[in-house]
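Before any comments, here is the structure.
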Amino acid sequence: MENTASDPLKLNFTAPAKYWTDAIPIGNGRLGAMIWGGVSRETLQLNDDTLWTGVPGDYTDPNAPAALSAVRKLVANGQFADASAAALKLSGKGSEVYQALGDIVLEFDASHKNYDPKTYHRELDLDTATATVKYSVGDVGYTRQHFASNPHQAIVTTVSGSKPGSLSFTIYLDSKMNHSSYVEGQNRIVLKGSCRGNPKGIQFTAMLELQIGGKAVISVLDGGKLKVDGADSALLVLVASSSFDGPFTSPVDSNKDPTSDCLNSLTSLKSLGYDDLRARHVEDYQSLFHRVSLQLSNGSTSASGVSTADRVQSFQTDEDPSLVELLFQYGRYLLISCSRPGTQVANLQGIWSKDLSPPWDGAQHLNINLQMNYWPALSCNLKECQDPLFDYLSTMSINGSRTAKVNYGAKGWVAHQISDLWGKTSPDSGDAVWAMWPMGGAWLCTHLWEHYSYTMDKIWIVLAP
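The sequence shown lines up with residues 3 to 467 when you count with the working numbering.
Structure follows, in structure tokens:
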């Protein structure tokens, strides 16, 4: 059903994020950012869904058939503990690891330390996929807006002050990965880096272009930072690209040039102002988000000044149907933001991760987690968001057919519990109780049938992976 709800769907916060999990996620399917909403220092923690360690792997083990035969004999003899121990010989290596791209850091002038906490407001508007931060310092109000545009493949930020010339800040790009950053001209910052790999990992480039409103002085600090003094407003546009050229191409053989990709992207966006960028972003996002509404209440309190955290806390004693509506739509928002046609499949973190060693490597876990990412797609009228899952199944069917043939002497294809960007299908390293589970691919294939049962698209089912 088309969304006709008039109540605002907003997550509200009354203070900057103290922890990463309190930051606001935005994403365009491929690029993601976590908005902390700091006052003196704002951080946009960045992700690109193609930044992983490693290279394409060989997911076969010629010694597996003999090891499997030994395990079967032990099982047949009732020696289950010995069988579990022997099954360790069937284990492969662990998955590769999802990597965080880096950060956009804005450091504001010293006056911002004297902001009035009572004026602070941070929100995520689910209807427009826009994060906003507002606060006042004396008689000057400051506003920031952030969104991740799928049509323009960019993360866009605008910063403004209510009085002319009231905006001063320093901005730079940083990363936990091996990287270099430098200022190019007077309005561009470039970040280049690489993921771990042998012999060569995925390379990446991010570029941030700065447009200033009003009369301001821009200077370069330390070769890698831009300092802005006395602006009315600022528009920040970040683009990023990597050398990932598909799951079967090693980074060392990639024909992709991430720096050229970024330059081309910025050139295509050069003539567009903030209003143009945001209008196209909202149009694209709402074409998906507005397909479904859920109304359980007579009205919403999401915009009444009550923080979402307080609403969650009070829900234990005062059930608020509008909070259920908000949570439902937040789930749809997250799927739209982390999985779009042409992107990588959503991983264990969606696309949002701050670490180089995230929990469980941020990998695709096939023993329920990846399936859960996509359970809402059809029932919530977001079938296009499943496309990356089906592309991923196609990749795994190729790798998995080799694993099935060599490891098991079987036809068809197989995938085990854990996979990664490269479509790993072999058993993981670890306890055989979970590492040897061979049903990951079979379970994921139920999504193919579910897609058909929802759409009754007979042409699609013939062409499906």
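Glycine included, every Cβ here is placed at the ideal spot set by N, Cα and C.
Pull up the distance between the alpha-carbon of residue 1 and that of residue 326, whole angstroms please.
Nothing can be reported for residue 1: it is not among the residues displayed for the chain, which extend from 3 to 467.
In its own chain, which residues sit with a C-beta less than 6 Å from the C-beta of residue 105, not counting the 5 before and 5 after it?
What you label residue 105 is simply residue 103 of the sequence shown in a count that begins at 1. Excluding residues within five positions, the ones whose Cβ falls inside 6 Å are 45, 47 and 176.
Same chain, Cβ closer than 6 Å to residue 22, five either side skipped, listed in chain order
Against the sequence shown, residue 22 aligns to sequence position 20. These residues qualify, in order along the chain: 356.
Give me the Cα-Cα distance between residue 78 and residue 87, rounded to the nearest whole angstrom.
Counting from 1 along the sequence shown, the entry for residue 78 is found at position 76. Counting from 1 along the sequence shown, the entry for residue 87 is found at position 85. A direct Cα-to-Cα measurement between residue 78 and residue 87 gives close to 15 Å.
Mind the definition here: the segment 257-275 touches the segment 224-243 only if three or more C-beta pairs lie below 8 Å; say whether that holds.
Contact between the segment 257-275 and the segment 224-243 is present, because at least three Cβ pairs lie under 8 Å.
To the nearest angstrom, report how far apart residue 35 and residue 436 are at their CA atoms.
Within the sequence shown, the letter at position 33 stands for residue 35. Within the sequence shown, the letter at position 434 stands for residue 436. Roughly 33 Å between the two C-alpha positions.
Could you check whether the Cβ of residue 415 sits closer than 8 Å to any Cβ belonging to chain D?
Annotation note: the requested chain D is absent from the structure, which comprises a single protein chain.
Measure the alpha-carbon distance for residue 508 versus residue 173 and round it to whole angstroms.
Limits of the chain in this structure are 3 at one end and 467 at the other, which puts residue 508 out of reach.
Could you spell out where the alpha helix (DSSP H) holding residue 282 opens and where it closes?
Residue mapping note: residue 282 aligns to position 280 of the sequence shown, counting from 1. For residue 282, the enclosing alpha helix (DSSP H) starts and ends at 276-291.
Give every residue of the same chain whose Cβ lies closer than 6 Å to the Cβ of residue 287, excluding the five residues on either side of it in the sequence, and list them in chain order.
One-based indexing of the sequence shown puts residue 287 at position 285. Taken in chain order, the residues that qualify are 131.
Among 290, 293, 322 and 66, which residue has its Cα nearest to the Cα of residue 299?
On the sequence shown, residue 299 is found 297 positions in, with the first residue counted as 1. Answer by Cα proximity: 322.
Taking Cβ positions, are residue 204 and residue 253 nearer each other than 8 Å?
Along the sequence shown, read from residue 1 onward, the residue named residue 204 stands at position 202. Along the sequence shown, read from residue 1 onward, the residue named residue 253 stands at position 251. Yes. Within cutoff.
Cβ shell of residue 182 (< 7 Å), same chain only, five flanking positions each side left out:
Along the sequence shown, read from residue 1 onward, the residue named residue 182 stands at position 180. For residue 182, where only same-chain residues beyond five positions count, the Cβ hits under 7 Å are 194.
For residue 108, which option in 66, 398 and 228 has the closest C-alpha, if you only look at C-alpha atoms?
Numbered from 1 along the sequence shown, position 106 holds the residue referred to as residue 108. The shortest C-alpha separation from residue 108 is found at 228.
How far does the alpha helix (DSSP H) with residue 396 in it extend, from its first residue to its last?
Locating residue 396 in the sequence shown gives position 394, where the first residue counts as 1. From DSSP, the alpha helix (DSSP H) with residue 396 extends over 389-410.
Would you mind working out which of 425, 363 and 340 sits nearest residue 388, comparing C-alpha positions?
For this step, residue 388 is matched to residue 386 along the sequence shown. Looking at the Cα atoms, 340 is the closest of the given residues.
So, for residue 166: in the same chain, excluding its five sequence neighbours on each side, which residues have a beta-carbon less than 8 Å away from its beta-carbon?
Translated into the one-based positions of the sequence shown, residue 166 becomes position 164. For residue 166, the CB contacts under 8 Å within the same chain, skipping 5 residues up- and downstream, are 216 and 234 in chain order.
Are the segment 441-453 and the segment 92-99 touching by the rule of at least three beta carbon pairs closer than 8 Å?
When Cβ pairs closer than 8 Å are counted between the two stretches, the segment 441-453 is seen not to touch the segment 92-99, the count staying below three.
Beta bridge counterpart(s) of residue 243 as assigned by DSSP
As a position in the sequence shown, residue 243 is number 241, starting the count at 1. Residue pairing by DSSP puts residue 243 in a beta bridge opposite 207.
Pull up the distance between the alpha-carbon of residue 434 and that of residue 420, whole angstroms please.
Position 432 of the sequence shown, counted from the start, is the residue given in the question as residue 434. Position 418 of the sequence shown, counted from the start, is the residue given in the question as residue 420. Rounded to the nearest angstrom, the two C-alpha atoms are 13 Å apart.
Return the Cβ separation of residue 171 and residue 103 in integer angstroms, given the expectation that the two are a contact with Cβ distance under 8 Å.
Sequence index remark: in the sequence shown, residue 171 carries index 169 (1-based). Sequence index remark: in the sequence shown, residue 103 carries index 101 (1-based). The Cβ separation is near 21 Å, so there is no contact.
Taking the alpha carbon of residue 407 as the point to measure from, which residue in 76, 60 and 296 has its own alpha carbon closest?
The count along the sequence shown starts at 1 and reaches residue 407 at position 405. The residue with the shortest Cα to Cα distance from residue 407 is 60.
Would you check if the segment 110-121 and the segment 137-144 touch, i.e. whether three or more CB-CB distances between them fall below 8 Å?
Contact holds: three or more Cβ-Cβ distances are below 8 Å.
Could you give the DSSP three-state label for residue 369: helix, strand or coil?
Taking the first residue of the sequence shown as position 1, residue 369 is located at position 367. In the structure shown, residue 369 sits in coil (DSSP, three-state: anything other than H, G, I, E or B).
What do you get for residue 28, buried or exposed, if any count of 16 or more other CB atoms within 10 angstroms of its CB means buried?
Here residue 28 is taken as the residue at index 26 of the sequence shown, counted from 1. With a threshold of 16 other beta carbon atoms within 10 Å, residue 28 meets it and is buried.
Name the residue from 313, 359 and 405 whose alpha carbon lies nearest to the alpha carbon of residue 418.
The residue labelled residue 418 in the question sits at position 416 within the sequence shown. Proximity to residue 418 across 313, 359 and 405 peaks at 405, based on C-alpha coordinates.
Helix, strand or coil: which one does DSSP assign to residue 105?
In the sequence shown, the residue the question calls residue 105 occupies position 103. Of the three classes helix, strand and coil, the one that applies to residue 105 here is strand, per DSSP.
With DSSP as the reference, please indicate the residues paired to residue 98 in a beta bridge.
Position 96 of the sequence shown holds residue 98. Paired residues: none, contrary to the question.
Tell me whether residue 184 sits in a helix, a strand or coil according to DSSP, three-state version.
Indexing the sequence shown from 1 puts residue 184 at position 182. The DSSP-derived three-state label of residue 184 is strand.
Cα-Cα separation, residue 371 to residue 145:
Along the sequence shown, one-based indexing puts residue 371 at 369. Along the sequence shown, one-based indexing puts residue 145 at 143. Distance between the alpha carbons of residue 371 and residue 145: 37 Å.
Check residue 26 in the structure and name its three-state DSSP category.
Locating residue 26 in the sequence shown gives position 24, counting from the first residue. DSSP places residue 26 in strand when its eight states are reduced to three.
Please report the Cβ distance between residue 250 and residue 58, rounded to the nearest whole angstrom; I am assuming they are in contact, meaning their Cβ atoms lie under 8 Å.
The residue you call residue 250 lines up with position 248 of the sequence shown. The residue you call residue 58 lines up with position 56 of the sequence shown. That pair is a contact at about 6 Å.
Around the Cβ of residue 12, are there at least 16 other Cβ atoms within 10 angstroms (buried) or fewer (exposed)?
Residue 12 sits at position 10 when you count from the first residue of the sequence shown. Per the 10 Å Cβ criterion, buried.
Please specify which runs of the alpha helix (DSSP H), each continuous and at least 4 residues long, are wholly inside the segment 309-349, giving them in chain order.
Secondary structure within the segment 309-349: the alpha helix (DSSP H) runs of 4 or more consecutive residues, fully enclosed, are 310-316 and 323-340 (chain order).
Quick one: grab the DSSP three-state call for residue 162.
Within the sequence shown, numbered from 1, the residue matching residue 162 stands at position 160. Residue state, collapsed to three classes: strand.
Given residue 260, which residues of its chain have a CB within under 7 Å of its CB, disregarding the five upstream and five downstream residues?
Numbered from its first residue, the sequence shown carries residue 260 at position 258. If the five residues before and after residue 260 are omitted, its C-beta is found closer than 7 Å to the C-beta atoms of 205, 206, 207, 243, 244 and 245, all from its own chain and listed in chain order.
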